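Colleague:
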Amino acid sequence: MAADTQPDTGASERFEDVEWDELGGLGLPRRTQVLVVTALAYVAAVAYDVFVTDDAILSGTNWLFVLTLLVGVFFVVWPLVENRRLTAYYWRRFKKNRAAVVSAVYLVVVFVVGTFGPLLLAKPELNVLAAYQPPVFLSVDSTVPTTCVGQSADGLCHGTWQYPLGTTSDGKGIAKLVVFGMRVSMQVGLVTMLIVVSIGTAVGTSAAYFSGLVDEVLMRYVDIQQTFPTFFLFLIVTYLFKPSLFLLITIFGFLGWGGIARLVRSEALQRREESYIRAAENAGASDGWIIRRHLMPNVSNTVITAATLLIPSFILFEATFAFLGLTDPSTPSWGQVIASGRGDLDSAWWIATIPGVFLFFTVLAFNFVGDALRDALDPRSEGEA
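FYI, full-length UniProt numbering numbers position 45 of the sequence shown as 45, with every residue one higher than the one before it.
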């Protein structure tokens with residue numbers, strides 16, 4: 001008789017039709033609420049900058065960089081803060097690699113200096129009279145600099161704190177160029193990575209979940225895309241239009257996700273057969289809900305590791321193009337500074353060497369961090385740790 005008092009929910013009630021709030025949960029999380037408000041504010045700010053103001057507040061690259069930072073806050077930093085126990089577990093595994101810890105500290109410094117430094121420093125300006133100044137605590141023959149800004153004694157020109165890392169052949173301070181180059185490297189690495197990971201994850205999980213014709217079409221497109229020479233497309237576009245950092249990021253971002261898509265698809269195919277996926281399907285969950293709430297979170301560890309290892313590749317691409325003179329000459333870049341000093345290695349070695357050292361250690365640091373993240377996030381490496 002007690003059964004007669006229970007409400008009849010109906011056997012055909014779908015997963016999405018269940019009133020979760022009445023069952024005591026699954027209301028809109030605070031993070032989602034803040035995310036929606038922030039997204040609306042971001043779209044409004046971009047629209048105002050594009051359609052209302054005469055002079056752009058931020059360039060397209062900077063807007064993409066802001067978007068990348070917001071995504072990092074909501075989908076990386078916030079979850080780490082909320083799941084402190086899991087974060088502590090991953091940190092214990094990560095810190096076993098001492099080189100990765102040092103590399104992470106270095107990358108945090110590069111990120112902070114590169115992000116906020118250009119806001120506080122004036123852009124390096126041409127000053128021919130200050131050309132070839134040596135770094136502080138070093139000295140060169142007084143005939144090397146155009147005019148010695150520091151102290152000159154015994155036929156030697158000594159470095160000065162006005163230019164702590166010396167100057168280039170056109171008198172620009174290398175310290176400022178290095179700081180502005182940090183921002184360029186972070187923008188290229190992080191923004192391009194975000195585009196690649198977003199598209200690659202969506203394509204990879206969709207191909208694995210739907211399989212059949214959808215999988216075949218998506219993967220054949222990936223095959224075609226990966227055979228297309230992105231480098232030559234970049235050359236053609238820069239020939240037709242003014243070269244810019246925005247073009248480089250968008251071309252390599254929208255055409256470089258094939259490898260991530262394949263990696264995600266391989267991982268998602270294994271997750272596709274898990275019992276929780278079957279349970280969600282039997283409960284009436286939609287395909288999009290299953291992909292978003294089950295497949296994507298469960299391939300995130302693979303994605304994070306692959307993304308970390310992708311960043312140094314994009315940084316090297318930008319440095320290479322800048323070295324070859326294929327980027328915007330008005331945008332300070334490590335590759336650009338290295339190229340400007342390659343003809344002066346015998347007399348002014350610091351011009352090419354100092355930014356080259358920063359480039360080397362940045363790429364190396366990302367590789368160390370990527371390897372450590374793979375060991376920390378991959379449960380299959382537990383027995384090897």
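Each residue gets a CB set at the ideal place from its N, CA and C atoms; glycine is no exception.
Owing to the predicted nature of the structure, the values given are computational and were not obtained by experimental measurement.
Whose C-beta lies closer than 6 Å to the C-beta of Pro332 among residues of the same chain, with five residues either side of it excluded?
Modeller: Closer than 6 Å at the Cβ level, and outside the excluded window around Pro332, lie Leu177, Phe180 and Gly181.
Colleague: Excluding five sequence neighbours on each side, which residues of the same chain lie with their C-beta closer than 7 Å to the C-beta of Gln162?
Modeller: For Gln162, where only same-chain residues beyond five positions count, the Cβ hits under 7 Å are Val149.
Colleague: Would you give the residue range spanned by the alpha helix (DSSP H) that Asp223 belongs to?
Modeller: Taken as a continuous stretch (DSSP letters only), the alpha helix (DSSP H) holding Asp223 covers Gly212 to Thr227.
Colleague: Would you check if there are 3 or more beta carbon pairs closer than 8 Å linking the stretch 241–261 to the stretch 335–354?
Modeller: No, because fewer than three Cβ pairs between the stretch 241–261 and the stretch 335–354 fall closer than 8 Å, the two stretches do not touch.
Colleague: Which runs of the alpha helix (DSSP H), 4 residues or longer, sit entirely within the stretch 269–353?
Modeller: Listed in chain order, the complete alpha helix (DSSP H) runs (minimum 4 residues) inside the stretch 269–353 are 275–282, 287–290, 300–323 and 334–341.
Colleague: Helix or strand or just coil, what does DSSP make of Asp49?
Modeller: The answer is helix: DSSP assigns Asp49 an H, G or I state.
Colleague: Looking at the secondary structure, which residues open and close the beta strand (DSSP E) in which Leu121 lies?
Modeller: It is not in any beta strand (DSSP E) - Leu121 carries neither H nor E in the DSSP assignment.
Colleague: Identify the continuous alpha helix (DSSP H) that holds Val237 and give its terminal residues.
Modeller: Per DSSP, Val237 belongs to the alpha helix (DSSP H) from Thr230 to Leu240.
Colleague: Between the alpha carbons of Ala348 and Gln151, how many angstroms are there, rounded?
Modeller: Their Cα atoms are separated by approximately 18 Å.
Colleague: Nearest-angstrom Cα distance between Phe368 and Thr192?
Modeller: Their backbone Cα atoms lie some 20 Å apart in a straight line.
Colleague: Use the C-beta contact count for Ala131: other C-beta atoms within 10 angstroms, 16 or more gives buried, fewer gives exposed.
Modeller: Per the 10 Å Cβ criterion, buried.
Colleague: In terms of residue numbering, what span does the alpha helix (DSSP H) encompassing Leu69 cover?
Modeller: Residues Gly60 to Gly72.
Colleague: For the beta strand (DSSP E) that Val140 lies in, which residues bound it at each end?
Modeller: Counting along the chain, the beta strand (DSSP E) containing Val140 begins and ends at Ser139 to Asp141.
Colleague: Of the residues Leu156, Asp375, Leu326 and Val217, which one's Cα is nearest the Cα of Lys242?
Modeller: The shortest C-alpha separation from Lys242 is found at Leu326.
Colleague: For the stretch 121–130 against the stretch 193–201, are there 3 or more C-beta pairs whose distance is under 8 Å?
Modeller: With a cut-off of 8 Å, the stretch 193–201 and the stretch 121–130 do not count as touching, because too few Cβ pairs lie within range.
Colleague: Using alpha carbons as the reference points, say which of Pro355, Ile290 and Arg98 lies closest to residue 386.
Modeller: Within the shown structure, residues of the chain are numbered from 1 to 385, placing residue 386 beyond reach of any answer.
Colleague: Under the rule that 16 or more other beta-carbon atoms within 10 Å means buried, what is Val50, buried or exposed?
Modeller: So Val50 counts as exposed.
Colleague: Note down the Cα distance separating Tyr276 from Ile311, rounded to an integer number of angstroms.
Modeller: Rounded to the nearest angstrom, the two C-alpha atoms are 33 Å apart.
Colleague: By the 10 Å Cβ neighbour count, where 16 or more other Cβ atoms means buried, how is Ala2 classified, buried or exposed?
Modeller: Summary for Ala2: the model assigns pLDDT 46, below 50, so the residue's position carries little reliability; its value from the coordinates is reported in the next sentence. Exposed, since its Cβ has fewer than 16 Cβ neighbours within 10 Å.
Colleague: For the stretch 98–109 against the stretch 358–366, are there 3 or more C-beta pairs whose distance is under 8 Å?
Modeller: Touching, yes.
Colleague: Just to confirm the assignment: which complete beta strand (DSSP E) runs, minimum length 3, are found wholly within the stretch 81–166?
Modeller: Those beta strand (DSSP E) runs which fall completely within the stretch 81–166 and span 3+ residues are 139–141 and 156–158.
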